[in-house]
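Heads up, the sequence shown is in my numbering, so the first residue is 1 and it goes up one at a time.
Read the structure below first, then the notes.
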Amino acid sequence: MGKYTIDFSRYHFLCNAAAFFALDERFDADGGYIHVMTEKAEKGRKFEALVAGLAVMSQQGELMRRMEGHEKGEMLAEEWLVVHLMPGQLREAQEIVMATVARGVHCEDEDEVRDLVQEEIDRENGGKKD
Numbered sequence: 001m002g003k004y005t006i007d008f009s010r011y012h013f014l015c016n017a018a019a020f021f022a023l024d025e026r027f028d029a030d031g032g033y034i035h036v037m038t039e040k041a042e043k044g045r046k047f048e049a050l051v052a053g054l055a056v057m058s059q060q061g062e063l064m065r066r067m068e069g070h071e072k073g074e075m076l077a078e079e080w081l082v083v084h085l086m087p088g089q090l091r092e093a094q095e096i097v098m099a100t101v102a103r104g105v106h107c108e109d110e111d112e113v114r115d116l117v118q119e120e121i122d123r124e125n126g127g128k129k130d
């Protein structure tokens, strides 16, 4: 690992209901968290969503570990990530977030997460497709 590279393997990520709804509510005006992460979002919102997802899911993962009796570990903070996340790690970070969300909603891959987004959009539009 380089001097300015985040070692994501040190963190535990979990997309439980608390993480999912906190993120979805925060990005509700943008169509919800998954929508921001999978569709073209307003400039800066995707990065904000990525950082928020990493932080919230690492916090929930760590809290779950502690509840299971493991020793206290580290959690990521949004403020810290904004400073330390390098462009070369954006793809890895996005893959971590999307895989964690997929596991949380019991999907096999990102395409299934996109399908869930489309189902939600269709439901909100009364079943009409754009």
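Just so it is clear, CB atoms sit at the ideal spot from N, CA and C, and this is done for glycine as well.
- Taking 8 Å as the upper bound for CB-CB distance, VAL36 and PHE27 are in contact here, some 5 Å apart.
- For VAL82, the enclosing alpha helix (DSSP H) stretches over residues 78-84.
- Pairing VAL97 with GLY53 gives a Cβ-Cβ distance under 8 Å.
- In the DSSP annotation of this structure, the continuous segment of the alpha helix (DSSP H) that includes ASP24 starts and ends at 17-26.
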